[in-house]
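Numbered per numbering that gives the first Met the number 0, the sequence shown finishes at 111, counting up by one with no gaps.
We treat Cβ as the ideally placed atom computed from N, Cα and C, and that holds for glycine.
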Amino acid sequence: MSHPRGRLLGLVALAAAVPVLQNVLFLMLDFQSAEGLSPQGSAVWPYDSYNDMRWLLVYHNTWQAYAVGLVAAIVLRGLLSAALVSLAWPAESPRPAGGSCCATWGSRRSPP
């Protein structure tokens with residue numbers, strides 16, 4: 000999707016798909032009181048993290064389930080955020096090389 004219009008449509012579709020899927024799940028589970036929380040599924044930080052943590056902290060039975068859910072939430076949120084940023088990145092601006100942010104971050108030193 001290198002065409003700007005195609006990237007825009009992909010961005011809108013991805014940003015809309017998460018709340019729609021979350022709302023469909025709420026309807027299937029007859030969880031009507033939580034339907035208003037669906038838009039936070041693809042919201043910007045910190046609302047997206049708050050949405051994930053709310054469900055994770057309330058709906059786990061053991062520490063192991065919490066740990067697995069936390070890792071899954073971090074990985075899935077990272078993948079979703081990376082996809083949204085990739086689609087929203089301006090076509091005329093160069094993208095940073097893969098891993099360059101980690102390499103430069105590790106080489107920085109605090110001033111004395």
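Taking the beta carbon of residue i as the centre, do at least 16 other beta carbons fall within 10 Å, making it buried, or is it exposed?
| i | result |
| --- | --- |
| Met-0 | Residue placement at Met-0 is flagged as unreliable, the pLDDT there being 49, under the threshold of 50; the coordinate-derived value follows with that caveat. By the neighbour-count rule (16 or more Cβ atoms within 10 Å), Met-0 is not buried but exposed. |
| Val-43 | exposed |
| Gly-40 | buried |
| Ser-37 | buried |
| Asn-50 | buried |
| Val-17 | buried |
| Asp-29 | exposed |
| Ser-31 | Ser is not the amino acid found at residue 31; the sequence shown has Gln there. Under this definition Gln-31 is an exposed residue. |
Quick check on the DSSP output: the alpha helix (DSSP H) that includes residue i runs from which residue to which?
| i | result |
| --- | --- |
| Gln-63 | 62-87 |
| Val-57 | 46-57 |
| Gln-21 | 3-27 |
With a threshold of 8 Å between beta-carbons, can residue i be considered close to chain B, or not?
| i | result |
| --- | --- |
| Tyr-65 | In summary, chain B is missing from the structure at hand, where a single protein chain is found. |
Meets three-Cβ-pair contact criterion under 8 Å: the region 78-87 and the region 57-67: Too few Cβ pairs lie closer than 8 Å, so no.
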